[in-house]
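Data block below; observations after.
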Amino acid sequence: MNATIVVLAGDGIGPEVTNEAQKVLSAVAEGFGHRFDFDHRLMGGCAIDALGTSLPDETVEAAQAGDAVLLGAVGGPKWDDPNAPDRPERGILGIRKALGLFANLRPTKLYPQLIQASPLRPEILEGVDLLVVRELTGGIYFGPRQEAGEAGQEAHDTMLYTRPEIERVVRLAAEAAMGRRRKLASVDKANVLASSRLWRRVATEVLADYPELTVEHVLVDAMAMHLIRRPADFDVIVAGNLFGDILTDEASMLAGSMGMLPSASLGQERNRHGHPLGLYEPIHGSAPDIAGQGIANPLAAILSGAMLLRHSLGLEQEAAAVEQAVAQVLEEGVRTPDIAHTGSETVSTQVMGDLVVQALSERISAGSQE
Ligand code: NAD
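Per our numbering, residue 312 is the first one in the sequence shown, and the count goes up by one each step.
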């Protein structure tokens with residue numbers, strides 16, 4: 312397969328971790344006989360510095376023309392002025408909109424080797440393998456709002472959802488659940504919010520098309536509790552923008568380190584291979600506190616690359632090979648500082664990437680000799 316992967320490395324540790332992900336994707340291409348072209352573009356703080364805008368038109372055009380987008384992270388103290396006319400985060404919201412990405416998929420899988428990195432007890436974490444699907448372009452983040460203004464007496468935001476917005480994300484989550492353990496929890500606050508009552512009504516209608524799924528509707532406050540008390544009971548969780556934002560961060564703590572968790576944002580647009588044109592990024596930010604030190608964990612970015620192979624290129628075997636290579640290096644005890652026991656030996660970002668490439672290449676050549 313020939314594919315063009317648009318790389319938006321961004322700021323802080325973004326370039327450090329995407330570099331390793333690109334290395335792994337190149338090894339996949341070589342090992343499995345594909346050709347991947349990497350088209351590097353600017354977005355975020357680096358784009359503000361170089362071109363005066365967080366999301367240059369040429370970046371949007373390249374992303375729309377490519378087969379998938381690999382993003383590092385954007386932002387940092389240099390661009391933090393709340394009164395600045397443009398901010399790095401605007402680039403992310405803009406590119407999601409330009410690519411019509413309405414669903415954010417965040418898998419949380421606990422590697423048994425890292426169980427000690429989580430703040431929760433091992434017996435609670437055993438078997439955790441969940442996927443949170445968050446609606447990305449609607450809800451309270453995009454509804455009509457009124458700032459407090461000079462007077463500072465009153466402000467409001469509006470949680471607004473339409474039937475098509477709910478339908479498409481619930482359907483995407485249902486399809487994902489069909490390919491997994493066939494359990495789906497839809498999250499809302501239907502006991503209080505009108506938009507949640509619509510959410511539940513539409514979700515119930517959509518899910519009637521999936522009789523094979525075990526479905527439950529869970530109030531968001533209860534879900535916040537269940538995720539800590541019995542996370543292994545859940546498979547796919549679908550939620551609106553605000554609830555999903557909060558629950559995905561909560562779920563990320565189950566895995567211990569932000570440096571381990573990938574994500575995919577998908578929409579209805581298809582690439583030239585007929586697969587969803589998606590944007591893939593680690594869930595962590597640009598980590599300015601460790602940027603430039605070569606100690607960032609690149610595994611979330613590498614695993615985002617695996618999701619890219621699976622969802623946007625339809626390369627399931629290749630995606631699984633990357634995931635197995637990551638599991639193998641963890642099994643061998645290789646650790647960046649964020650996932651290491653205090654005082655134990657650690658490797659750099661680059662060495663972690665090299666060792667994943669090595670494990671992957673060994674697997675590919677072992678497979679071809681079978
Ligand atoms: P962060 O995720 O960047 O960092 C939180 C903590 O986790 C830090 O201590 C950091 O060192 C650590 N960490 C994060 N990724 C790591 C990795 N791969 N390896 C090891 N340690 C890692 O969140 P923050 O500090 O709240 O935000 C920093 C900047 O990133 C801000 O400007 C924020 O706006 C931006 N941000 C961007 C995105 C994005 O690009 N999608 C997401 C979140 C935050």
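Backbone N, C-alpha and C fix where the C-beta goes; we use that ideal spot for every residue, glycine too.
Remember, predicted model here, so these are calculated numbers, not experimental data.
Cut-off 8 Å between Cβ atoms - residues of its own chain near Ala611, not counting five sequence neighbours on either side: Within the sequence shown, residue 611 is the residue found at index 300, counting from 1. If we look at Ala611 and ignore the five residues flanking it on each side, its Cβ neighbours are Val328, Met569, Gly570, Met571, Leu572, Pro573, Pro593, Ile594 and His595.
Euclidean distance between Cα positions of Val318 and Val444: Position 7 of the sequence shown, counting from 1, holds the residue named residue 318. Position 133 of the sequence shown, counting from 1, holds the residue named residue 444. Rounded to the nearest angstrom, the two C-alpha atoms are 23 Å apart.
Backbone secondary structure at Ile613 - three-state DSSP: Taking the sequence shown and counting its residues from 1, one reaches residue 613 at position 302. Helix at Ile613.
C-alpha distance - Ala607 paired with Phe554, whole-angstrom precision: Against the sequence shown, residue 607 aligns to sequence position 296. Against the sequence shown, residue 554 aligns to sequence position 243. Distance between the alpha carbons of Ala607 and Phe554: 29 Å.
Residues that DSSP places opposite Glu400 in a beta bridge: Numbered from its first residue, the sequence shown carries residue 400 at position 89. BP columns for Glu400 are empty, so no partner.
Environment of Gln333 [buried if 16+ CB atoms lie within 10 Å]: Here residue 333 corresponds to residue number 22 of the sequence shown, with the count starting at 1. Buried: at least 16 other Cβ atoms inside 10 Å.
Residue ranges of each alpha helix (DSSP H) within the stretch 332–373, 4 or longer: Every alpha helix (DSSP H) of 4 residues or more that sits fully in the stretch 332–373 is shown, in chain order, as 356–362.
According to DSSP, residues forming a beta bridge with Pro418: Position 107 of the sequence shown, counting from 1, holds the residue named residue 418. Per DSSP, Leu442.
Three-state secondary structure (DSSP) of Ala543: Here residue 543 corresponds to residue number 232 of the sequence shown, with the count starting at 1. Looking at Ala543 - three-state DSSP - the assignment turns out to be helix.
Any non-hydrogen atom of ligand 1 within 8 Å of Val385 CB: Your numbering for residue 385 matches position 74 in the sequence shown. It does: the Cβ of Val385 is within 8 Å (strictly closer) of some heavy atom of ligand 1.
Check whether Ser497 and Val529 have beta carbons under 9 Å apart: Start at 1 with the first residue of the sequence shown, and residue 497 comes out as number 186. Start at 1 with the first residue of the sequence shown, and residue 529 comes out as number 218. Less than 9 Å separates the beta-carbon of Ser497 from that of Val529.
Member of Glu461, Tyr472 and Leu447 whose CA lies at the smallest distance from the CA of Ala455: Reading the sequence shown from its first residue, position 144 is the one you call residue 455. It is worth fixing the name first, because residue 455 is Pro in this sequence and not Ala. Minimum Cα distance to Pro455 is reached at Tyr472.
Helix, strand or coil at Ala375 [DSSP, three-state]: Looking up residue 375 in the sequence shown gives position 64. Sequence check: residue 375 is Gln here, not Ala. Of the three classes helix, strand and coil, the one that applies to Gln375 here is helix, per DSSP.
Contact test: Asp600 Cβ vs ligand 1 heavy atom, cutoff 8 Å: Residue 600 sits at position 289 when you count from the first residue of the sequence shown. Asp600: yes, Cβ under 8 Å from ligand 1.
Identity of the residue in Arg482, Pro423 and Ile451 nearest His467 by Cα: The residue you call residue 467 lines up with position 156 of the sequence shown. Looking at the Cα atoms, Ile451 is the closest of the given residues.
First and last residue of the uninterrupted beta strand (DSSP E) at Ile316: Here residue 316 refers to the residue found at position 5 when the sequence shown is read from its first residue. Residues Asn313 to Gly321.
9 Å Cβ cutoff met for Met564 and Tyr591: Here the question's residue 564 lines up with position 253 in the sequence shown. Here the question's residue 591 lines up with position 280 in the sequence shown. Cβ atoms of Met564 and Tyr591: not closer than 9 Å.
Proximity winner among Leu353, Ala428, Leu425 and Lys408, relative to Pro399 (alpha-carbon distances): Residue mapping note: residue 399 aligns to position 88 of the sequence shown, counting from 1. Nearest option by C-alpha distance: Leu353.
Same chain, Cβ closer than 7 Å to Val480, neighbours up to 5 away in sequence not counted: Position 169 of the sequence shown, counted from the start, is the residue given in the question as residue 480. So the list reads Phe413, Ala414, Val444, Glu446 and Val549, once near-sequence residues are dropped.
Per DSSP, the bridge partner or partners of Thr525: Mapped onto the sequence shown, residue 525 falls at position 214. According to DSSP, Thr525 bridges with Lys494.
Whole runs of the beta strand (DSSP E) within the stretch 574–624, excluding any shorter than 3 residues: 589–593
Under 9 Å between C-beta atoms of Ala379 and Leu624: Within the sequence shown, numbered from 1, the residue matching residue 379 stands at position 68. Within the sequence shown, numbered from 1, the residue matching residue 624 stands at position 313. For Ala379 and Leu624, yes; Cβs fall inside 9 Å.
Closest residue to Val513 among Pro542, Arg540, Arg482 and Ala575 (Cα-Cα distance): Your numbering for residue 513 matches position 202 in the sequence shown. If we check each option's Cα against that of Val513, Arg482 comes out closest.
Asp649: CB within 8 Å of a non-hydrogen atom of ligand 1: As a position in the sequence shown, residue 649 is number 338, starting the count at 1. Checking every heavy atom of ligand 1 against the Cβ of Asp649, one is found closer than 8 Å.
Endpoints, the alpha helix (DSSP H) within which Arg479 is located: As a first step, residue 479 must be located in the sequence shown, where it is residue number 168. Where Arg479 is concerned, the enclosing alpha helix (DSSP H) stretches over Arg474 to Met489.
Val380 - DSSP class collapsed to helix/strand/coil: Residue mapping note: residue 380 aligns to position 69 of the sequence shown, counting from 1. If DSSP states are grouped into helix, strand and coil, Val380 belongs with the strands.
Alpha helix (DSSP H) segment containing Val633, residue limits: As a first step, residue 633 must be located in the sequence shown, where it is residue number 322. Val633 -> alpha helix (DSSP H) spans Glu627 to Glu642.
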